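Residue numbering for the sequence shown follows the UniProt record's numbering, beginning at 1 and increasing consecutively. Where a beta carbon is used, it is the ideal one built from N, C-alpha and C, also for glycine. Model, not experiment: these values are computed from the prediction. Below is one structure, written out as C-alpha cells; comments come after it.
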Amino acid sequence: MNAVIALCHFCEAHGPCAIFCTQTLRDTKIEDLVNLEQPQQPGQKTCSACNYTLGRNNNNAIYSKDTESGATFVSTKVATLQEVANLVKQAAVRSLSCEINTNKDNNDGDGGFVFFGDSTRGHILSHTFRVSDLQARGYYQLFSIIVLMKDKYFLLNTKPFLAEHIRKISMELQAGAQRTKAAEELNYSARQRRLSGAQFLMPTPRSLLELTGEEHVFAQLHSHFAWILLAGSRFLTEHITFGNLPWLPPQSSGRPPAQRLTYNSSTLPMIQMYEDDPEQEGFFSLRHIKKVVHKDDFATICYCALTGVKIIVRGAPERTVLFMMCLKKLLPDPMHQLMRIDAQHQHSISSEYKIISVSNDIAVPMASSSVFRIDFLDKHVNGNDIVSVKWPGELPRKLPDLLVKLLKAVKAVEEKTFTELVLNKQTKVLIEEWKNKVICLNQAKSGSVQAKLKKVLGVQPQDQSLINYWSTHLH
C-alpha cells in the first residue's frame, strides 16, 4: 500500500510532532538501508520523548522485507524522503490540534477517527488517543496514529480495515501505560503527589518506552505498521466496476451486463459487425465524434449526452450507426436503454429515448434548448461526412467535472500521448466512476447526509445537471 503510517505525540516541551514513521520502499536493497541516515533537522530536540533510540545499538532505522512482493518496510523517526517528511509534519500538527474527534464513546466503531487533507498535502486518516502518564500535565499524554496517502478514494475504501487495526495498536499502547501507572501508584499515591507537587519535579516529557515499560515497543510498532501496509495492498484492489456494489444484488457472472441498445432489426447486422470485431474498438471512440462534428460542437454534444438533452441524429443508417455507437460510450451501461438506433416511427422521438437516430424520410422536431439535432448531409468531402449541427442552447460557464476530464483525454489522443484503445479504457473508467458516485448519492436518505457525501466525493455545483439526469436511471 502506497502510504505512510506515523505515530505522533504532543510534546509538552516542543509541541506536536511525528516520532515514528513507517513507509514502503520498493526496488530497494536492504544493504542500502543498513547505514541509513536521518535527515538533518534544525534545532535538534533534546527531551527523551522526542530524542530516543530505536534499539540497543542506537540504530537509525528498523527495516524488514517481504520476500513475495519484494517490498521493503522501513521505520525511522522522520520519513526518509524530505518531501514526505514535510507532509507528515503538517499532518501531525493537525491531528493533535484541530483535527480531533470529540466523540468519547469508545464503543462507537467510528469514534476517534478523522479524515482530512487535500490533493496537495495528501489525504490523512487520523486516530487520536490518550496515554496515561502520572508525570504529565493532566496525567496523560496525547498521541495519534495517522495514515497518509495521495489516493483519496483508496484511503476511504480501506478505512474500516485501517480503523480496526489502528484501534488495536492504540489500545495496546494504552494498556502498557496503564500497567506502568498502576505500578507507580503502588509506590506513590495520588494524594501524596498532589500535596508534594511531585509532578513538577520532572518536567521533561517521558518517552513511549518509559510510559509503556516495553523495551521493544518501537520494534512492535514497526511490525504492526508494516503488516498494515502489506495487508492493506491486498485488502482492496482497484479495478473497473460494473455496478456490483455492496447494496446491489450480485451479478450472475463476472462479465459486464449486456448492452441494452434499442435498434431496428435491419440495423442489427451492422451493430453486431462493429461489436464483434475487436479491431473496430479503436474506431468508435469519442475521437470519431470529434471528426464528424465541428471542433466547437464536440463539447456541446458531449454535454447534451451527459445531462439528458435529447439528441436526434438524422441520416442514412449506414452513416449514423457508427456515430451512435460512439455516443453510447458517454453513458453507463444501465442507461443504454435510453438510446434508439434507426427509429422507424415518429412516436419514438417523443418517447423517453434520449439519443435517437432516424432516417431522412422521418419528420423530426426543430432544434431547441431541449433538442440537439445532427443532420448527416448527402455531400462528402474527401470521403468524410458533412453534418449540420443545430442547438440554440448555450454551455454553462463551468462544465461538469466528467466532461472536463473527457475533453482532456480526447486532446491527449490528438497529441499522440496515448492511443484510441487507451482512450476507450479511460472513458470507461471515468463513466463508471461517476456512475458509482451517483449510486452512492442515491443512497443518502437526507439532504444533510447527501451534502456531506458530495463533499467527500468531490461533487461540485456544476455537476448537478449530470447527477439529476443519471440519478433517475441508476439505482
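Exposure of residue i, with buried meaning 16 or more beta-carbon neighbours within 10 Å
i	result
Phe-200	Unreliable placement is indicated for Phe-200, whose pLDDT of 46 sits below 50; the coordinate value is still reported in the next sentence. So Phe-200 ends up on the exposed side.
Cys-369	One detail in the question is off: residue 369 reads as Ser in this sequence, not Cys. With fewer than 16 Cβ atoms within 10 Å of its Cβ, Ser-369 is classed as exposed.
Gln-141	buried
Ile-146	buried
Ser-471	exposed
Val-217	buried
Met-366	exposed
Leu-268	Here the model assigns Leu-268 a pLDDT of 44, short of 50, so the residue's position is not dependable, and the following value carries that caveat. Exposed is the call here.
Gly-458	exposed
Phe-20	buried
Asn-244	At Asn-244, the pLDDT of 42 sits below 50, so the modelled position is not reliable and the matter cannot be decided from this model.
Ile-289	buried
Arg-26	exposed
Gln-82	exposed
Ile-386	exposed
Leu-377	exposed
Ala-182	exposed
Arg-137	exposed
Val-410	buried
Leu-96	buried
Glu-238	Residue confidence is low: Glu-238 scores 46 on pLDDT, short of 50, so the model does not pin down where it sits. No coordinate-derived value is stated.
Ser-207	buried
Asp-296	exposed
Ala-13	exposed
Gly-447	exposed
Arg-373	buried
Cys-98	exposed
Lys-310	buried
Gln-135	buried
Leu-186	exposed
Ala-451	exposed
Gly-109	With a pLDDT of 36 at Gly-109, under the threshold of 50, the modelled position of this residue cannot be trusted; read the value that follows with caution. Exposed: under 16 other Cβ atoms inside 10 Å.
Leu-421	exposed
Whole-number beta carbon distance between residue j and residue i, since they are thought to touch under 8 Å
i	j	result
Val-438	Val-293	The pair is not a contact, with the Cβ atoms about 27 Å apart (cut-off 8 Å).
Cys-8	Pro-205	Actually they do not touch by this definition, with Cβ atoms about 13 Å apart.
Arg-314	Val-364	6 Å
Val-131	Phe-113	17 Å between Cβ atoms; not a contact.
Asn-442	His-475	6 Å
Leu-423	Leu-286	7 Å
Ser-465	Pro-400	7 Å
Ile-62	His-224	The Cβ separation is near 12 Å, so there is no contact.
Ile-355	Met-339	5 Å
Leu-407	Ala-299	6 Å
Lys-405	Leu-430	5 Å
Gly-308	Tyr-469	4 Å
C-beta contact flag for residue i and residue j at 9 Å
i	j	result
Leu-148	Val-78	no
His-123	Ala-163	no
Lys-328	Lys-428	no
Gly-15	Val-84	no
Ile-5	Ile-228	yes
Leu-402	Asp-333	no
Ala-226	Ser-69	no
Ser-359	Pro-396	no
Thr-22	Ala-71	no
Val-456	Phe-115	yes
Asp-151	Asn-2	yes
Met-335	His-473	yes
Cys-304	Trp-391	yes
Val-321	Ile-301	no
Beta bridge counterpart(s) of residue i as assigned by DSSP
i	result
Thr-72	Leu-25, Lys-65
His-127	Phe-113, Ile-145
Ala-18	Cys-8
Ile-356	Ile-312, Arg-340
Phe-323	The partner list for Phe-323 (beta bridge, DSSP) is empty, contrary to what the question assumes.
Gly-463	The displayed chain sequence assigns Asp, not Gly, to residue 463. BP columns for Asp-463 are empty, so no partner.
Tyr-140	Ser-132
Lys-390	Arg-373
Asp-118	Gly-122
Ser-368	Val-371
Heavy atom of the ligand MN within 8 Å of residue i beta-carbon
i	result
Ser-132	Of the ligands one can find in the structure shown there are none, so the ligand MN has no counterpart to examine.
is_contact[residue i, chain C] using C-beta, thresh 9 Å
i	result
Leu-209	Among the protein chains of the structure shown there is no chain C, as only one such chain exists.
Do three or more CB pairs link the stretch 212-226 to the stretch 160-174 at distances below 8 Å? yes
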